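Right, one structure below, let's go through it.
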Amino acid sequence: MNMLKDSLVEKYARDRVRSLLDEGTFKELINPFDGVESPHLRDQGIVPQSDDGVVVAKGKIDGVQAVMIAIEGNFQGGGIGEVSGAKIAGALELALEENKKGHMTRAALIFDTGGVRLQEANYGLLSISEIGSAIVALRQYVPVVGVVPGKVGSFGGMSINSGLLSSIIATKEGRIGLNGPEVVELEAGIEEVDSKDRQGIWGMIGGEQRLAMGLIDHLVDDDVDQIKECIHGVYKNGVGQPRSNQVERYLSFLQSVSVEEKVSPIQARKLWENSSNIEDLSESSVGSNQLLTRGARWFKQLTEGAEEKNELSSVLCADKGGIRYLCVTANPEASFYRAKDGEVGLVEGWKLAKYIREVIEADNGREKRPIVAIVDVPSQAYGYHEELFGIHQALAASVDAYATARQAGHPVISLVVGKAISGAFLAHGLQSNRILALDDDAVNVHVMSKQSAAKITRRTIQELEEATGKVPAMAYDVRSFSTLGILDDLIEGVNGEAPTFEDVQFIHSKISYAINEVRYSTPDLSHRLKSDFGTKNRAFSVKVRELLREQW
Numbered sequence: 110m111n112m113l114k115d116s117l118v119e120k121y122a123r124d125r126v127r128s129l130l131d132e133g134t135f136k137e138l139i140n141p142f143d144g145v146e147s148p149h150l151r152d153q154g155i156v157p158q159s160d161d162g163v164v165v166a167k168g169k170i171d172g173v174q175a176v177m178i179a180i181e182g183n184f185q186g187g188g189i190g191e192v193s194g195a196k197i198a199g200a201l202e203l204a205l206e207e208n209k210k211g212h213m214t215r216a217a218l219i220f221d222t223g224g225v226r227l228q229e230a231n232y233g234l235l236s237i238s239e240i241g242s243a244i245v246a247l248r249q250y251v252p253v254v255g256v257v258p259g260k261v262g263s264f265g266g267m268s269i270n271s272g273l274l275s276s277i278i279a280t281k282e283g284r285i286g287l288n289g290p291e292v293v294e295l296e297a298g299i300e301e302v303d304s305k306d307r308q309g310i311w312g313m314i315g316g317e318q319r320l321a322m323g324l325i326d327h328l329v330d331d332d333v334d335q336i337k338e339c340i341h342g343v344y345k346n347g348v349g350q351p352r353s354n355q356v357e358r359y360l361s362f363l364q365s366v367s368v369e370e371k372v373s374p375i376q377a378r379k380l381w382e383n384s385s386n387i388e389d390l391s392e393s394s395v396g397s398n399q400l401l402t403r404g405a406r407w408f409k410q411l412t413e414g415a416e417e418k419n420e421l422s423s424v425l426c427a428d429k430g431g432i433r434y435l436c437v438t439a440n441p442e443a444s445f446y447r448a449k450d451g452e453v454g455l456v457e458g459w460k461l462a463k464y465i466r467e468v469i470e471a472d473n474g475r476e477k478r479p480i481v482a483i484v485d486v487p488s489q490a491y492g493y494h495e496e497l498f499g500i501h502q503a504l505a506a507s508v509d510a511y512a513t514a515r516q517a518g519h520p521v522i523s524l525v526v527g528k529a530i531s532g533a534f535l536a537h538g539l540q541s542n543r544i545l546a547l548d549d550d551a552v553n554v555h556v557m558s559k560q561s562a563a564k565i566t567r568r569t570i571q572e573l574e575e576a577t578g579k580v581p582a583m584a585y586d587v588r589s590f591s592t593l594g595i596l597d598d599l600i601e602g603v604n605g606e607a608p609t610f611e612d613v614q615f616i617h618s619k620i621s622y623a624i625n626e627v628r629y630s631t632p633d634l635s636h637r638l639k640s641d642f643g644t645k646n647r648a649f650s651v652k653v654r655e656l657l658r659e660q661w
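See the structure below:
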């Protein structure tokens with residue numbers, strides 16, 4: 110018996126993949142000698158890496174064809190940019206094609222990532238949305254497995270994607286959270302999270318705590334053989350319902366939580382153990398202190414005369430003209446105090462998922478009704494309790510529901526009328542078939558506030574703004590965002606702040622046109638790369654997918 114452990118944490122991404130695939134089966138796709146580097150880094154004074162920090166390889170897992178992907182945490186903190194994101198999404202899309210043809214192809218991802226690469230901003234945001242879409246589709250054929258060994262761990266939008274997986278394996282050192290401790294401290298203050306309190310951080314989001322809270326499936330030692338055996342076991346034993354589908358279970362749990370005083374990790378475990386799926390969280394949707402955000406005003410006007418669901422003040426839902434409308438708005442009386450100003454928080458993510466899945470279930474076997482997401486979200490919620498209770502999983506539930514609805518044939522349309530920031534936009538907007546946006550200075554799209562992005566990248570705000578001239582994906586304005594090919598309509602001539610009756614009717618016509626267009630198109634996100642802007646300004650997203658197909 111070999112008593113010496115072979116550490117996975119200490120290996121680089123390429124060796125991690127090689128060690129977890131069956132011996133002798135490793136075949137890398139788009140290897141460093143292919144010279145596919147990020148085109149967006151040199152102009153910012155950053156030396157690119159020839160694999161862009163992601164290793165994709167075909168091989169076998171326990172004798173069955175597979176694709177395995179690893180993120181290299183030593184390059185740009187494992188941040189996802191255009192090339193690295195396209196490698197992950199493209200590989201999963203090809204695995205999906207194989208499974209649809211009847212050629213079983215397993216898929217596993219090794220996480221070591223801080224989320225979106227801030228120096229590529231919206232390129233990474235779009236890639237992460239496409240990775241999530243591919244996971245949800247592929248999961249219908251084979252379990253998609255994730256491994257979080259340690260070092261960086263898993264943060265940002267990639268943690269949302271980890272919440273979509275069939276099964277997650279982690280070590281004690283494998284931290285999993287949406288917002289990194291440094292970012293929470295920057296956004297919410299040191300009294301919320303002290304990023305230098307390493308023991309406290311691991312107690313909040315480390316592998317052992319995540320297992321106890323039902324947010325991962327297997328806790329393992331940092332040992333290649335044990336991790337490999339665990340992966341094999343997942344495929345042999347099968348998996349249950351993905352946790353991102355367990356909406357009522359998690360809403361029930363959140364009902365049992367009070368954050369008037371700080372909840373310790375141990376107390377959180379007890380709350381989870383004692384919670385049961387008996388009742389849904391319910392709050393009055395109308396309160397004397399309710400604030401009408403820009404998004405809420407548009408929701409009210411587009412759904413005028415329709416009856417609203419009265420379950421949660423911060424998530425507006427109504428059906429009008431055979432369409433379900435959804436909007437996240439401010440709620441000053443929110444029980445989770447870090448989600449008072451329109452942020453997408455724990456409850457908001459799960460409630461969005463509930464409202465979407467109601468439509469999916471009701472329309473099973475009949476014509477699929479459209480879903481319209483009205484987007485005005487300043488960010489996800491940044492807070493201690495949000496991370497402790499798994500906000501990444503809450504946002505994954507919403508991503509899963511939107512993607513599932515779209516893939517089932519529901520036309521999903523996003524109307525961006527205000528801010529569309531970071532994980533909030535991933536959870537509420539970026540899984541849509543079509544995205545419409547007002548051509549308005551108040552419409553902003555990005556991955557992080559300017560202040561935090563500057564601090565994290567060690568730049569001044571001025572330097573950050575100068576970089577946007579070289580990389581349009583780093584800009585915040587909607588016109589720059591539109592050059593990435595993601596917007597299907599940039600709508601001019603509308604008063605975004607105080608829409609008139611004519612403005613509302615005009616937007617109704619735009620939504621109707623988008624719905625009709627979707628009825629005659631594919632339910633995936635591939636059209637984004639076929640637009641004029643997409644083929645030009647996301648050329649590397651296209652090129653990487655073409656190379657993967659050639660080498661597959």
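Using my numbering, read the sequence shown as starting at 110 and increasing by one per residue.
All C-beta atoms, glycine included, are put in the ideal place defined by N, C-alpha and C.
The structure presented is a predicted model; accordingly, all values stated were derived computationally and were not measured.
Can you give me the start and stop residues for the alpha helix (DSSP H) that residue i sits inside?
i	result
glycine 199	191-209
valine 613	610-628
aspartate 334	333-346
arginine 588	587-591
glycine 266	266-271
isoleucine 310	307-314
alanine 243	231-247
serine 423	Per DSSP, serine 423 belongs to no alpha helix (DSSP H) and is neither H nor E.
valine 292	290-297
alanine 553	A small fix is needed here, since residue 553 is asparagine in this sequence, not alanine. Run containing asparagine 553: none in the alpha helix (DSSP H); it sits in the beta strand (DSSP E), 553-555.
leucine 218	That residue, leucine 218, is in no alpha helix (DSSP H); its beta strand (DSSP E) goes 215-219.
aspartate 641	641-646
alanine 536	531-536
alanine 510	500-516
Considering only their Cβ atoms, is the gap separating residue j from residue i smaller than 7 Å?
i	j	result
valine 245	leucine 201	no
lysine 169	aspartate 131	yes
valine 552	valine 587	yes
isoleucine 469	leucine 287	no
aspartate 485	arginine 403	yes
valine 192	valine 580	no
glycine 259	valine 118	yes
leucine 535	glycine 605	no
aspartate 598	leucine 638	no
leucine 634	glutamate 239	yes
Between the options, which lies nearest to residue i when the distance is taken from Cα to Cα?
i	options	result
aspartate 665	Ser116, Val525, Gly430, His341	Outside the displayed range of the chain (110 to 661) lies residue 665, so it cannot be described from this structure.
aspartate 143	Asp124, Lys345, Asp160	Asp160
valine 348	Thr280, Ser367, Ser275	Ser275
isoleucine 432	Ile277, Ser531, Tyr464	Tyr464
glycine 458	Asn354, Ser304, Phe615, Ser558	Asn354
valine 368	Ala607, Asn553, Asp550, Leu497	Leu497
alanine 490	Gly265, Leu638, Leu320, Asp306	Gly265
leucine 320	Glu382, Asp332, Lys305, Arg307	Glu382
lysine 619	Pro632, Gly602, Ala607, Ser630	Gly602
methionine 148	Met557, Ser591, Ala582	First, the amino acid is wrong: residue 148 is proline here, not methionine. For the residues Met557, Ser591, Ala582, the minimum Cα distance to proline 148 belongs to Ala582.
serine 687	Leu411, Thr577, Ala443, Asp598	This structure cannot speak to residue 687, because the chain is shown only from 110 to 661.
glycine 233	His537, Ser621, Ser531	Ser531
lysine 305	Pro290, Lys449, Phe184, Gly312	Pro290
alanine 405	Ser444, Glu370, Asp450	Asp450
serine 128	Gln350, Asp334, Gln228	Asp334
serine 361	Leu455, Phe615, Arg466	Leu455
Which whole-angstrom value is the C-beta distance of residue i and residue j, which I expect to be below 8 Å?
i	j	result
glycine 509	alanine 462	The identity of residue 509 in the sequence shown is aspartate, whereas the question assumes glycine. Indeed they touch by this definition, with Cβ atoms about 7 Å apart.
isoleucine 624	isoleucine 522	6 Å
arginine 658	leucine 203	7 Å
valine 164	valine 126	5 Å
arginine 226	glycine 190	4 Å
isoleucine 278	histidine 327	4 Å
alanine 198	alanine 230	The pair is not a contact, with the Cβ atoms about 17 Å apart (cut-off 8 Å).
valine 453	alanine 562	Rounded, the Cβ-Cβ distance is 19 Å, inconsistent with contact.
valine 261	glycine 182	4 Å
isoleucine 237	asparagine 270	6 Å
Can you give me the start and stop residues for the beta strand (DSSP E) that residue i sits inside?
i	result
glutamate 137	136-138
glutamine 571	Careful: glutamine 571 lies outside any beta strand (DSSP E), inside the alpha helix (DSSP H) at 570-577.
leucine 435	432-437
serine 276	276-279
valine 256	253-257
#### Entry: Segment contact flag, the region 201-220 with the region 557-569, C-beta cutoff 8 Å, min 3 pairs
no
### Query
Quick check: the region 473-493 against the region 522-532, are there 3 or more CB pairs under 8 Å?
yes
### Inter-stretch contact (C-beta, 8 Å, three-pair minimum) for the region 250-259 and the region 287-297
no
### Query
Below 8 Å, can you find three or more Cβ-Cβ pairs linking the region 514-521 to the region 466-479?
Verdict: yes, contact present.
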